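Undergrad: Protein chains in written order, with the working numbering: chain V, 9 to 286; chain S, 759 to 1565.
Here it is as structure tokens:
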């Protein structure tokens, strides 16, 4: 199987969608990948130069890309294209033409993250500092809830960190008022600590053995926090100067699902990569 | 190497499913906890149930009792890791068989708890569809603790072709505490020999390996290889479809702690083993297990899960005992994992030993002799702390010096003091309690004279020296009780105070007994340790006037001075949760609160039940149960025990289930580091001392069963003063007590009169709807039992009536 090595950025011609171009180009450069700009429209194709100008909102630094004007349903087309072209990651803004600060995401972006089988990097257009093409993430923060699915996401995180030359901060956040995951192989914070000086190190060793089992070249740090997962993740990301959040999730963003993810997407000040665990 | 086969038929796996621990498939996430659960041990050494081919998910370890090393850290004594004798790799057409999801057809592991034998079956399909069946059967012998055996069977199911099997003893990973290979060689008669040494403690570990093939018809050829990484034998053959290759691997282990020339011993031993044959050695092993189970086995009717959980606990408890080495005891995770570095805590005497005392006293005696052999170190500890007598270390290893760390690095990189090694002094009374319980149950005067009395005197002397007199009372200041949330020093911890006073009183009792019955030995002991009548009189005063909080808040005992002033927090208000309460509340808040880490006052309600009346026990249990976080695996079973004695059977069963599944469900999240052996000992105590209501007191063994509704019957055996007592309890109906051996023993219904029951004979007590009736002979007396004074009372027990209880 060919190694996946393309980056897709869907652009709809809006300024908000174009806020992700810096991050997309940065990822393409860092991963030595081809950058595909995908514009889905049923209108007649425009000349490439003209279209680029419209789509990229005047980002003149954008270079080394392939432009695709494709007809059809926007989400279907982008997902199909990503599958067919062996794409490694989709990079996109959380909103497109219909930017609304209150809404968590635009409807197209919302559908893409739920349907795309590959990692999706989401850029919030109102972040204080938007990544440009020279952006090189050095630290990725991965919150893990201790479920077996998290282990699968962590494999992808390690691969990405390897390719980007990043270190990874892993955080496990213990919660009050929550039942621990019930699946076999789950491991949350120790419910009890008998002799902390023996058991914390043993717990940390076992947690990392379960959820970061590949021998990574990336440097790993494990943090343990307790409280609200979103709050603690954002706090740690700020304290540790993490450049990127990598979030394992189940792929459903309907009402009452993925509360933590929603909050993180709404409040993040760094790009977020979503990795599906199912 | 191709020796004649032993013609005897191999025993099969136990047919009783309650004795089988089964794991199907392969879950890499859970692998290390499975290695703990399925560990094999014979008390001399323990082997985690790692996959033979050394899977990356394994935390492989072979641990030998007493083989400690510092790893270069001053004062450290950590259990060292011996070479991996399981090491086996199989190659087909040059490709190694690996346990991976894509190639897995079947994978099943079974630990036969009754026989102490581990079985693994693995079917592997390669990319060309070739299916190979591999099975391993292994055990560490309890008939001869230096014997480790494994049988490997490789069968090509649907192909024929070139196969290779490499098996040997591999040097452990280069961890600080792993032993280093110093010599590896091939000796005559194809015996492979390896010597490894600890890096600092100067202990040599010698292992020798011999193999034999069942059938040479497949043209198998063997070749040996030795090197820094270990010793190995490679067998190459042309595997024929459907035809198994069976290899028996014999490994013997000796250390320089056992003998002057461990290598020669291991070599000679392995030769003898190979000559005896796998089947014969396996039969010896299984017979030895049958003998262990005969007394230790328990039977619960109506609740199959409870029976299975108990068998799992009893298997590990029986695996942990070692009657042959008086210089080792049972560490926090026995020999199934190194998380607690092989250190010995109060877990041994207070939690694990009672099971051994009543079912396998030779193993209990040996573990108590460990405390005798470290008595000098305990005296030095006391001197260093400015006291007299013996101060046993909170964490102990080979030397008997304190090996608890003084400080640890916090997650912020700050040095944080660890106080338990300095002030958790109740260990002294816990050791004494273990000694007393053993002597009381066995009547082993020889042990008392040789070792027990000296431990009792020196521990009592410590308390007398440690106590401070203020006005007319004695106080123990700046201590840490079992509740380690309050770890920076508290005054007058109730458990410590009452156990200290008890320790002194028992020492005085023993001194009186020895002066009367063994005056010569007493004189030698008293002279040897400089004990005078004046000092004994001082002890008596300390015990009598030891401070006990009573009635400062009605019947509720204050756990330590000032406890009632702390913030009152009920732990159930913080459920559910996925974090330790100490973390949720924060260290400073938990220290300033009434949250209790583990049974503390409740531990005293159990151990010193005689000193309190039932109403006080009931009220204090309720008070502390609401405030106890059970932050130690030791705690749930003790709360369950006291709840059972109080007739709170639903709560008792809840705690029973919690304690029973600590390892099987990994419900504390730390089973990967080894099984919680003391929680298992606590579980046994909960059943016997709690649900069956056994109280082994100085004058009598009392019983008062109260079984939970889910249990219809309970059967178990105890050794009591040289006789075997077999109890069969039917809930709400009867207690059938069969006495085996010869002689009379005091046994009675708790709250009733003491009866002198004669053996051999069977007695019956019936539930009359209100209480258990006096034991009466059941059926005709056997010939030898007729002369006994069956059922004659000699007064009541000295307890208040336990009150109306459930049944």
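Here a beta-carbon is modelled for each residue, glycine too, at the ideal position from N, C-alpha and C.
This one's a predicted model, so the numbers in the text were calculated from it and none came from an experiment.
Indicate the three-state DSSP secondary structure (helix, strand or coil) for residue 235 (chain V) in the structure shown.
TA: Coil, per DSSP.
Undergrad: Quick check: residue 241 (chain V) and residue 131 (chain V), are their CB atoms within less than 7 Å of each other?
TA: No, they are not a contact pair.
Undergrad: My understanding is that residue 1400 (chain S) touches residue 1360 (chain S), with C-beta atoms under 8 Å, so please give their C-beta distance in whole angstroms.
TA: That pair is a contact at about 6 Å.
Undergrad: Could you tell me which residues DSSP pairs with residue 849 (chain S) in its beta bridges?
TA: Paired residues: S:854, S:922.
Undergrad: Report the CB separation of residue 951 (chain S) from residue 1021 (chain S) in whole angstroms; it is logged as a contact under 8 Å.
TA: Indeed, because the Cβ distance is near 6 Å, the residues count as touching under 8 Å.
Undergrad: Over what stretch of residues does the alpha helix (DSSP H) that includes residue 774 (chain S) continue unbroken?
TA: Neither: residue 774 (chain S) is in no alpha helix (DSSP H) and is coded neither H nor E.
Undergrad: Select from the segment 1336-1360 of chain S all residues with a C-beta closer than 7 Å to any C-beta belonging to chain V, and list them in chain order.
TA: Listed in sequence order: 1336, 1337, 1338, 1340, 1341, 1342.
Undergrad: Inspect the beta-carbon positions of residue 882 (chain S) and residue 861 (chain S) and report whether they are closer than 7 Å.
TA: The answer is yes: Cβ separation under 7 Å.
Undergrad: Apply the 10 Å Cβ neighbour rule to residue 855 (chain S) and answer buried if 16 or more other Cβ atoms are within range, or exposed otherwise.
TA: By the neighbour-count rule (16 or more Cβ atoms within 10 Å), residue 855 (chain S) is buried.
Undergrad: Closest Cβ-Cβ distance between residue 1389 (chain S) and chain V: below 7 Å?
TA: For residue 1389 (chain S), the answer is yes, since a Cβ of chain V falls inside 7 Å of its Cβ.
Undergrad: Could one say the Cβ of residue 1430 (chain S) lies closer than 7 Å to chain V's Cβ atoms, at least one of them?
TA: So, interface residue.
Undergrad: Using C-beta distances below 6 Å, list every residue in its chain close to residue 1590 (chain S), excluding the 5 sequence neighbours before and after it, in chain order.
TA: There is simply no residue 1590 (chain S) to check, as chain S begins at 759 and stops at 1565 in what is shown.
Undergrad: If you draw a straight line from the C-alpha of residue 52 (chain V) to the C-alpha of residue 80 (chain V), how long is it?
TA: Each residue's alpha carbon lies about 12 Å from the other.
Undergrad: What is the residue span of the alpha helix (DSSP H) that residue 77 (chain V) lies within?
TA: Note, residue 77 (chain V): premise wrong, no alpha helix (DSSP H); beta strand (DSSP E) at 73-78.
Undergrad: Can you give me the start and stop residues for the beta strand (DSSP E) that residue 980 (chain S) sits inside?
TA: Where residue 980 (chain S) is concerned, the enclosing beta strand (DSSP E) stretches over 979-985.
Undergrad: Can you tell which of S:1242, S:1248, S:1299, S:1201 has its C-alpha closest to the C-alpha of residue 1268 (chain S)?
TA: Checked all of S:1242, S:1248, S:1299, S:1201; the closest Cα to residue 1268 (chain S) is S:1201.
Undergrad: Can you confirm whether the segment 913-920 of chain S touches the segment 880-899 of chain S when touching is taken to mean that 3 or more C-beta pairs between the two stretches lie within less than 8 Å?
TA: Contact between the segment 880-899 of chain S and the segment 913-920 of chain S is present, because at least three Cβ pairs lie under 8 Å.
Undergrad: Relative to the alpha-carbon of residue 253 (chain V), which residue among V:144, V:123, V:281 has its alpha-carbon at the smallest distance?
TA: Of the candidates V:144, V:123, V:281, the one whose C-alpha sits nearest the C-alpha of residue 253 (chain V) is V:281.
Undergrad: Quick check for students: name the residue ranges of the alpha helix (DSSP H) that lie wholly in the segment 1301-1368 of chain S, counting only runs of 4 or more.
TA: The qualifying runs are 1339-1343, 1345-1349, 1359-1365.
Undergrad: Are residue 781 (chain S) and residue 896 (chain S) touching if we call contact CB-CB under 7 Å?
TA: Going by C-beta atoms, residue 781 (chain S) is not nearer than 7 Å to residue 896 (chain S).
Undergrad: Say whether chain S places a C-beta atom closer than 7 Å to the C-beta of residue 216 (chain V).
TA: No, its Cβ sits nowhere closer than 7 Å to a Cβ of chain S.
Undergrad: Check the Cβ of residue 234 (chain V) against every Cβ in chain S and list those closer than 8 Å, keeping chain order.
TA: Residues of chain S passing the Cβ test: 1337, 1341, 1342.
Undergrad: Compare the beta carbon distance of residue 902 (chain S) and residue 772 (chain S) with 7 Å and say whether it is the shorter of the two.
TA: Not a contact, by the Cβ cut-off of 7 Å.
Undergrad: Can you tell me which of S:1042, S:1514, S:1481 puts its alpha carbon nearest to the alpha carbon of residue 1499 (chain S)?
TA: Nearest C-alpha to residue 1499 (chain S): S:1481.
Undergrad: Whose CA, out of S:977, S:957, S:925, S:931, lies closest to the CA of residue 1580 (chain S)?
TA: The question about residue 1580 (chain S) has no answer, for chain S in this structure spans 759 to 1565.
Undergrad: Could you compute how far the alpha carbon of residue 1193 (chain S) sits from the alpha carbon of residue 1064 (chain S)?
TA: Rounded to whole angstroms, residue 1193 (chain S) to residue 1064 (chain S) spans 30 Å at the Cα level.
Undergrad: With residue 172 (chain V) as the anchor, note down where its beta strand (DSSP E) starts and where it stops.
TA: Taken as a continuous stretch (DSSP letters only), residue 172 (chain V) belongs to no beta strand (DSSP E), being part of the alpha helix (DSSP H) at 156-172.
Undergrad: Of the choices S:1031, S:1079, S:1067, whose alpha-carbon is the least far from that of residue 1047 (chain S)?
TA: Among S:1031, S:1079, S:1067, the Cα nearest to that of residue 1047 (chain S) belongs to S:1079.
Undergrad: If you draw a straight line from the alpha carbon of residue 1406 (chain S) to that of residue 1380 (chain S), how long is it in whole angstroms?
TA: Approximately 10 Å between the Cα atoms of the pair.
Undergrad: Grouping DSSP H, G and I as helix and E and B as strand, with all else coil, what is residue 1544 (chain S)?
TA: Legend: pLDDT at residue 1544 (chain S) = 43, less than 50; position of this residue unreliable, no value from coordinates given.
Undergrad: What first and last residue would you give for the beta strand (DSSP E) that runs through residue 940 (chain S)?
TA: Here the beta strand (DSSP E) through residue 940 (chain S) covers 938-945.
Undergrad: Would you check if the distance between the CB atom of residue 1426 (chain S) and the CB atom of residue 1075 (chain S) is smaller than 7 Å?
TA: No, the Cβ-Cβ distance between residue 1426 (chain S) and residue 1075 (chain S) is not below 7 Å.
Undergrad: Please go through the same chain and pick out, in chain order, the residues whose beta-carbon is closer than 8 Å to the beta-carbon of residue 1307 (chain S), but skip the five residues on each side of it.
TA: Around residue 1307 (chain S): 1250, 1252, 1315, 1316, 1319.
Undergrad: Whose CA, out of S:983, S:1148, S:1363, lies closest to the CA of residue 943 (chain S)?
TA: Checking every option, the nearest Cα to that of residue 943 (chain S) belongs to S:983.
Undergrad: Spell out whether any CB of chain V is found under 7 Å from the CB atom of residue 1544 (chain S).
TA: At residue 1544 (chain S), the pLDDT of 43 sits below 50, so the modelled position is not reliable; the number obtained from the coordinates is stated separately. Judged by the 7 Å Cβ criterion, residue 1544 (chain S) is not in contact with chain V.
Undergrad: Could you check whether residue 1418 (chain S) and residue 1060 (chain S) sit closer than 7 Å to each other, using their CB atoms as the reference points?
TA: No.
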